[in-house]
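Chains as they are written, first to last, in the working numbering: chain A, 1 to 302; chain B, 303 to 604; chain C, 605 to 837; chain D, 838 to 1070.
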Ligand SMILES: Cc1cc2nc3c(=O)[nH]c(=O)nc-3n(C[C@H](O)[C@H](O)[C@H](O)COP(=O)(O)OP(=O)(O)OC[C@H]3O[C@@H](n4cnc5c(N)ncnc54)[C@H](O)[C@@H]3O)c2cc1C
Ligand SMILES: Cc1cc2nc3c(=O)[nH]c(=O)nc-3n(C[C@H](O)[C@H](O)[C@H](O)COP(=O)(O)OP(=O)(O)OC[C@H]3O[C@@H](n4cnc5c(N)ncnc54)[C@H](O)[C@@H]3O)c2cc1C
Ligand SMILES: Cc1cc2nc3c(=O)[nH]c(=O)nc-3n(C[C@H](O)[C@H](O)[C@H](O)COP(=O)(O)O)c2cc1C
Ligand SMILES: Cc1cc2nc3c(=O)[nH]c(=O)nc-3n(C[C@H](O)[C@H](O)[C@H](O)COP(=O)(O)O)c2cc1C
Ligand code: FES
Ligand code: FES
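Following this line, the structure appears as structure tokens:
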């Protein structure tokens, strides 16, 4: 029998729709001790920037009801290190490696993309939605114009397909999604973290040095699902659903409202095997429902 | 000793800063069986509209991780019923009764406010943020212009002070808060629910007839806290912090980032005594910290 | 906080819990129940299956996360009970017919007991319908005059009522609606309804639905037991 | 899933748990632990206090919600253990000095045991500092050559090291930093650090902080035990 989970995203074949979200999976090595990474549909790298970054100072994590706030601030070894040292290993994986790219200004985004032209990464996730850095990041993702502008330039510079990662911290995510589509994005991923805050009342202080940071985890799933539904109704390019996915039912819900692939983030931390369990759950579902392909349920609730 | 929790909000004295959120407390009667309502600082009525409303059809509640999605859709007996039948009882309470007012268009908002001129309600909460109705509701709350426009007219029509309740479903809550302030609002309350969605994958259907509905509960607290902090930094009028408050520490965090009062919503359902426990907690805190007034910690983290 | 006295398996996915509790409880009323701290967020509504001598009993079906946690609770552990809430079954000097479907038999048992306690000489007929496995039938047999059981069919096909019988029913709404259609208008019928609930006390309007008179009713506060006239046209 | 064998009170807010577990565990390594299903979201890092004969032991302090749930767990109940994770204390043929502050003594006990198991003829001195109540002191006395205890003062004031002594330490960071300042540069010192952790495996970078060489280190993966040179300038 053929693989009912086989999926195509913007022309790229995925053995299944389950990928791991940027920043929650390192560059894969850490989880390679738990299972064979080739079981994944794909994996998104930690957010890469032109220059290496140490990330934010101070406390970086704070637990909330069914959620986690993080203020990592794009700690990463820089794009050259990725190209020279990390990619040679990642490229041997049959899963789709998605390079997540950030920048502090237009030039640093574009130069990072240019350097990625040296390698054959199948898909780029343009992160215009990180709430944890002072410059760049989310700023590009909160208006249709700036999102479209950066996307168009990224598409022009890069020889790789560009998927844009959207921020939920907006009034109208649909207008931004459409702007990115028109600017040439081959796909969209959403949502990045929701801007949030934590206070330590006993110490009378704000937890994060940066004051605000990004909330994710199961708490945000209902919000992510709503936005994926809104966007899938409005665009023709494929969407990766992200945000609080904890179970195969969550993954399925995302696909029923139109997502082509999904990304698992925080739940990797709680259970390293979670993406594999989600794949198993989806496989069983296809069997029980007699689906030849998971595509049969995609978008049925649009 | 004087009452350390005594608070003034827009010139109105509250015996303590703890109030109950609109739509989560009926008109108070249901909770009067549990404790003396006069122990509360204040209470917000269910959202009132000019005409009586039956609210939304179909399933109205859905539980999510640490959250609750509701699609009540402003079921209420109408403003006249409130004025004639409910107010005569409510007005005998020494707690501050806050009338929460919604509408489907400008006229229905303003006419509802006019009819409230007949009674001596101390404070009005103008709800421009309900995600659960097709017309009006959140539509007014997502742009500074429309929010300011409605607020200015409401202020002109009403003989009561107007507090505007803001929606979190926006890119820039500060611009909307400022617009309302300039338009004459005496205070702000935030946040209303976050637009969200639920899917029943087994039945392959969207849970709510209205498709989208409003998320609240502890899951949203970190987002509400962030927005209250942002708004309190930007405006000079007092703010009521709402959204996921479950403990006196949560209430205190809201006040440390600048809230003058707080509202307890979903947690009333889980524990009818929760507002009272929060009041007790704040009282003990003042004692232990030797605060003469809770005002001493207000805004210390701004 | 109350203490669980026992919590036993009755049939596949059906459990019977006893809890130490003292108070006034009417048949048809329910409690909002939780054995957990934070997750799931809401408490769960459970009807009173029985109450006497400072012991309250619940009969419940494991259907999801909340009832799974309930069934895992052990004797001696704590349970939070809020209630009793709602309007129960009116009990008058009449002959009664009780019609239960599946786990809907839970509130009927306590109602039947009270009926026979108060009016032992009045006649009580019980119809119990199950989709695959019957349970608690003997308990009903001990108190009712007649007990009819159906497994796998339609219990409503068996039901016969006489003039002046008061009917009480709880079960799948499709069963109760069918029953109401077949029972003459002259008979009084009380139905016990279910809806998703958050507060249980009438404040959130989450369980509100349109009644027969075009006005909304709150299942938790105005019900869960209603005269059928209030619900069905 | 592992089974809790015992979970006992040791001193105010201090508990000692034994869990059935078989595997390779090095002193200084830790597990991500949870006894609950969903809330709180994250598992909690706990160092190995002892391991032998298929029993792993934890010594932990109740400080918040997670450790409160841990202490409420009973023998026979299940606990989820992920690990062992991280780099432990290097154990070489040397004399050792172990300096523990408060609950920081937890990983030191297992390290001390392994040191004496491997090199029984080498000298092992233990310093234990407590802010108000001492605990587990006898356990250390059974294995170490000397045990010095301080309550309420500064344990670092007592510490004396000789040339070639290897020092291992765990406790409040302010104590460890002070210790590192007072111990001659020639001595090797291993410190065990703490940070808020989400993944425990090096993937989230939540526990990452700047080390002495201007490069970041991840406490969970590159540590929690570090040569002091990597951390302090
Ligand atoms: C007044 C009343 C009395 C009840 N009495 C009993 C009883 O005596 N015995 C019994 O077994 N069951 C009874 N129920 C149904 C019982 O409340 C649900 O089976 C239970 O809430 C399911 O919770 P869960 O977490 O296991 O299921 P999940 O499906 O995981 O629950 C998810 C959410 O849906 C709600 N929900 C799910 N099913 C129902 C339902 N049928 N009615 C209302 N809310 C639901 C839950 O409360 C929860 O908020 C009663 C319901 C009501 C309204
Ligand atoms: C590698 C490592 C080994 C540890 N070994 C032990 C041990 O053997 N015995 C012991 O008692 N404690 C140990 N701790 C500390 C222990 O993990 C915390 O006390 C515990 O996580 C507190 O959880 P809580 O829910 O009770 O507290 P809360 O304060 O409610 O926790 C809130 C959040 O903060 C985190 N947190 C709180 N305190 C700490 C802390 N000191 N370090 C890291 N994260 C923290 C929690 O994990 C949680 O995510 C260790 C910590 C680390 C990093
Ligand atoms: C610790 C952490 C680090 C993250 N780093 C990045 C990042 O570098 N780039 C990015 O696009 N998203 C990053 N994210 C966001 C996730 O990829 C994902 O969009 C978000 O967490 C929502 O999914 P979840 O709820 O399943 O975690 C990070 C999230 C977490 C929790
Ligand atoms: C069942 C329900 C009904 C609500 N109805 C109203 C309403 O009528 N008017 C309004 O302004 N807000 C309404 N809200 C929003 C709450 O007042 C509050 O802003 C929100 O729930 C966040 O607070 P919480 O997380 O403490 O519940 C409602 C919320 C719930 C859960
Ligand atoms: S459950 Fe809240 S009104 Fe009925
Ligand atoms: S806890 Fe995730 S990298 Fe250390």
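Where a beta carbon is used, it is the ideal one built from N, C-alpha and C, also for glycine.
Burial state of residue 737 of chain C (16 or more Cβ within 10 Å): Label assigned to residue 737 of chain C: exposed.
Counting only runs of 3+ residues fully inside the region 643–719 of chain C, write out the beta strand (DSSP E) ranges in chain order. Counting only runs of 3 or more residues that sit fully inside the region 643–719 of chain C, the beta strand (DSSP E) segments are 648–651, 654–656, 659–665, 682–689, 700–705, in chain order.
Step through the CB atoms of chain C and report whether any lies within less than 7 Å of the CB of residue 1022 of chain D. Judged by the 7 Å Cβ criterion, residue 1022 of chain D is not in contact with chain C.
Could you give the C-beta distance for residue 880 of chain D and residue 870 of chain D, rounded to a whole number, given that I count them as a contact under 8 Å? Yes, they are in contact, since the Cβ atoms of residue 880 of chain D and residue 870 of chain D sit about 6 Å apart, within 8 Å.
Could you name the residues that DSSP lists as bridge partners for residue 1007 of chain D? Paired residue(s): D/937, D/1029.
Using a Cβ-Cβ cutoff of 9 Å, what residues of the region 504–522 of chain B are near chain A? List them in chain order. Of all residues in the region 504–522 of chain B, 504, 506, 507, 508, 513, 514, 515, 517, 519, 520, 521, 522 have a Cβ within less than 9 Å of some Cβ in chain A.
Under the assumption that residue 298 of chain A contacts residue 260 of chain A (Cβ atoms under 8 Å), give the Cβ distance between them as a whole number of angstroms. At roughly 7 Å, the Cβ-Cβ gap stays under 8 Å, so residue 298 of chain A and residue 260 of chain A are in contact.
Under 5 Å, CB to any heavy atom of ligand 2. Which residues pass, going along the chain? My final list is A/63, D/867, D/879, D/881, D/882, D/883, D/884, D/897, D/898, D/900, D/901, D/902, D/903, D/904, D/940, D/943, D/1031, D/1033, D/1061.
Anyone know if the C-beta pair for residue 673 of chain C and residue 640 of chain C falls short of 7 Å? Cβ distance < 7 Å, so residue 673 of chain C and residue 640 of chain C count as in contact.
Confirm the yes/no value for this check: CB of residue 576 of chain B, any heavy atom of ligand 5, distance under 6 Å. For ligand 5, not one heavy atom lies less than 6 Å from the Cβ of residue 576 of chain B.
CB-CB length for residue 1017 of chain D against residue 937 of chain D, believed under 8 Å: About 15 Å separates the CB atoms of residue 1017 of chain D and residue 937 of chain D; that is not less than 8 Å, and the two are not in contact.
Could you give the C-beta distance for residue 629 of chain C and residue 608 of chain C, rounded to a whole number, given that I count them as a contact under 8 Å? Contact between residue 629 of chain C and residue 608 of chain C does not hold, since their C-beta atoms are separated by about 17 Å, which reaches or exceeds 8 Å.
Under 7 Å Cβ-Cβ, which residues of chain B neighbour residue 298 of chain A? Ordered by position in chain B, no residue passes the 7 Å Cβ test against residue 298 of chain A, which lies about 12 Å from the chain.
Reference residue 912 of chain D, options D/845, D/952, D/931, closest by Cα: Per the Cα distances, D/845.
Close-in-space but distant-in-sequence residues of the same chain around residue 4 of chain A (CB under 8 Å, 5 per side omitted): When the five nearest sequence neighbours on each side are left out, the beta carbons in the same chain lying within less than 8 Å of the beta carbon of residue 4 of chain A are those of 283, 286, 287, 291, 292, 293, 294, in order along the chain.
In chain D, which residues lie less than 8 Å from residue 642 of chain C when you measure between Cβ atoms? In chain order, 876 make up the part of chain D whose C-beta sits under 8 Å from the C-beta of residue 642 of chain C.
So what does DSSP say about residue 836 of chain C, is it helix, strand or coil? Assignment of residue 836 of chain C by DSSP, reduced to helix, strand and coil, places it in the coil class.
Return the CA-CA distance between residue 960 of chain D and residue 992 of chain D, expressed in angstroms with no decimal places. The straight-line gap separating the alpha-carbon atoms of residue 960 of chain D and residue 992 of chain D is approximately 20 Å.
So is residue 75 of chain A buried or exposed if we call it buried at 16+ other beta carbons inside 10 Å? With 16 or more Cβ atoms within 10 Å of its Cβ, residue 75 of chain A is classed as buried.
Let me know the alpha helix (DSSP H) ranges lying completely inside the region 82–119 of chain A, each 4 residues or longer, listed in chain order. Unbroken alpha helix (DSSP H) stretches of 4 residues or longer found wholly inside the region 82–119 of chain A: 87–90, 106–116, given in chain order.
Using a Cβ-Cβ distance cut-off of 7 Å, determine whether residue 72 of chain A contacts chain D. Closer than 7 Å: yes.
Say whether the region 457–472 of chain B touches the region 196–205 of chain A, bearing in mind that this needs 3 or more beta-carbon pairs closer than 8 Å, one atom from each stretch. In short, these stretches do not touch, since the Cβ pair count stays below three.
On the DSSP bridge assignment, give the partners of residue 958 of chain D in chain order. DSSP output for residue 958 of chain D lists no bridge partner at all.
Grouping DSSP H, G and I as helix and E and B as strand, with all else coil, what is residue 221 of chain A? Three-state result, residue 221 of chain A: helix.
Output, in sequence order along the chain, the residues in the region 1050–1064 of chain D whose CB is closer than 9 Å to any CB in chain A. Under the 9 Å Cβ criterion, the region 1050–1064 of chain D contributes 1051, 1052, 1053, 1058.
Check whether residue 804 of chain C and residue 689 of chain C have beta carbons under 7 Å apart: Yes. Within cutoff.
Provide the residue span of the alpha helix (DSSP H) that contains residue 287 of chain A, from first to last. Counting along the chain, the alpha helix (DSSP H) containing residue 287 of chain A begins and ends at 274–289.
Check residue 174 of chain A in the structure and name its three-state DSSP category. Looking at residue 174 of chain A - three-state DSSP - the assignment turns out to be helix.
Using a beta-carbon distance cut-off of less than 7 Å, what residues from the region 803–816 of chain C approach chain B? Residues passing the 7 Å Cβ filter: 803, 805, 806, 807, 808, 809, 810, 812, 814.
Flag residue 528 of chain B as yes if its beta-carbon sits less than 7 Å from any beta-carbon of chain A, otherwise no. Closer than 7 Å: yes.
Taking all protein chains shown into account, do 16 or more other C-beta atoms lie within 10 angstroms of the C-beta of residue 16 of chain A, making it buried, or fewer, making it exposed? Label assigned to residue 16 of chain A: buried.
What residues from chain C crowd round residue 361 of chain B, counting only those whose CB sits closer than 7 Å? Under the 7 Å cutoff, chain C gives 800.
If you follow the alpha helix (DSSP H) that residue 15 of chain A is part of, which residue opens it and which one closes it? Judged by DSSP secondary structure, residue 15 of chain A falls outside any alpha helix (DSSP H); it is assigned neither H nor E.
Looking only at its chain, what residues have a beta carbon closer than 8 Å to the beta carbon of residue 326 of chain B, apart from the 5 residues adjacent to it on each side? Excluding residues within five positions, the ones whose Cβ falls inside 8 Å are 566, 567, 568, 570, 571.
Cross-chain neighbours of residue 333 of chain B in chain C, by beta carbon under 8 Å: Going along chain C in sequence order, the residues near residue 333 of chain B (Cβ under 8 Å) are 805, 807.
Distance CB(residue 278 of chain A)-CB(residue 18 of chain A) smaller than 7 Å: At a Cβ-Cβ threshold of 7 Å, residue 278 of chain A and residue 18 of chain A count as neighbours.
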